[in-house]
Structures are given as C-alpha cells and as structure tokens.
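Trainee: One structure is given below, represented as structure tokens, and several questions about it will come after.
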Amino acid sequence: IPDPALPPFLQCAVQAESRGDYGAVSPGGTYMGAFQFSQSTWDFAAKAAGLPYLVGVPPNRATKPQQDSVAVALFALDGQRPWLGDRCSA
C-alpha cells in the first residue's frame, strides 16, 4: 500500500510517541508501533482503514505505510482524542 502523507498532528505524534520508531513497544508491552497503538485500538482502526487483514497483527510488526494508513484512518475518525495527553495537541 502507498504511504499516506501524515497531517502535522500525526507527524508530531509519531515523534512524541516513539521518536519515529515503527518497531517500538512500550515498557509494559501494551502499546506498539510508531503511534503506540493498543491492540484493540489498532484492530478497530485497521478495519476503519479498510485493512481487515491487519486485525490481530501486532502494530509494531506492520510496515510503515500500514501503520501510517491506520493512524490516518483513526485520526479521521477520532481526531486527536486517541492521543490525548500527547504533547502535540493544539
């Protein structure tokens, strides 16, 4: 899949959440990937992104274009809410 352009908020969030590390896993193992998705949020957003084959895949195992696509879809649905408390909020 093509890698979508990230809106400015998500460009900031990816740096704030993981310093741009698409293979990142939080210390407790709950949040994964560049955007630090929980598995349940990832599964929901992957479906919303039209990428059902990513449901059940650990976010940190998905490619950069896949992670970016899922983040863009979640941002389109919920805006900044999934990343509340993030340093990127306007």
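Per our numbering, the very first residue in the sequence shown carries number 341; after that it's consecutive.
In this text, a Cβ means the ideal position worked out from N, Cα and C, and glycines have one as well.
Bear in mind the structure is a predicted one, so any value in this text is a computation, not a measurement.
(1) Please identify the residue among Phe415, Trp423 and Pro405 whose C-alpha is closest to the C-alpha of Pro344.
(2) Quick check on the burial criterion: 16 or more other C-beta atoms within 10 angstroms. Buried or exposed for Ala402?
(3) Could you give the C-beta distance for Ala389 and Ala413, rounded to a whole number, given that I count them as a contact under 8 angstroms?
(4) Let me check understanding here. Comparing Cα to Cα, which of Ala416, Ala356 and Glu357 lies closest to Ala385?
(5) Is it true that the CB of Ala364 sits closer than 9 angstroms to the CB of Gln351?
Mentor: The structure says:
(1) Taking the sequence shown and counting its residues from 1, the one referred to as residue 344 is at position 4. The residue among Phe415, Trp423 and Pro405 with its C-alpha nearest the C-alpha of Pro344 is Pro405.
(2) Along the sequence shown, read from residue 1 onward, the residue named residue 402 stands at position 62. It counts as buried.
(3) Translated into positions along the sequence shown, residue 389 becomes position 49. Translated into positions along the sequence shown, residue 413 becomes position 73. Indeed, because the Cβ distance is near 4 angstroms, the residues count as touching under 8 angstroms.
(4) Against the sequence shown, residue 385 aligns to sequence position 45. Here the closest residue by C-alpha is Ala416.
(5) To locate residue 351, count along the sequence shown from 1; it is residue 11. To locate residue 364, count along the sequence shown from 1; it is residue 24. Not closer than 9 angstroms, so no.
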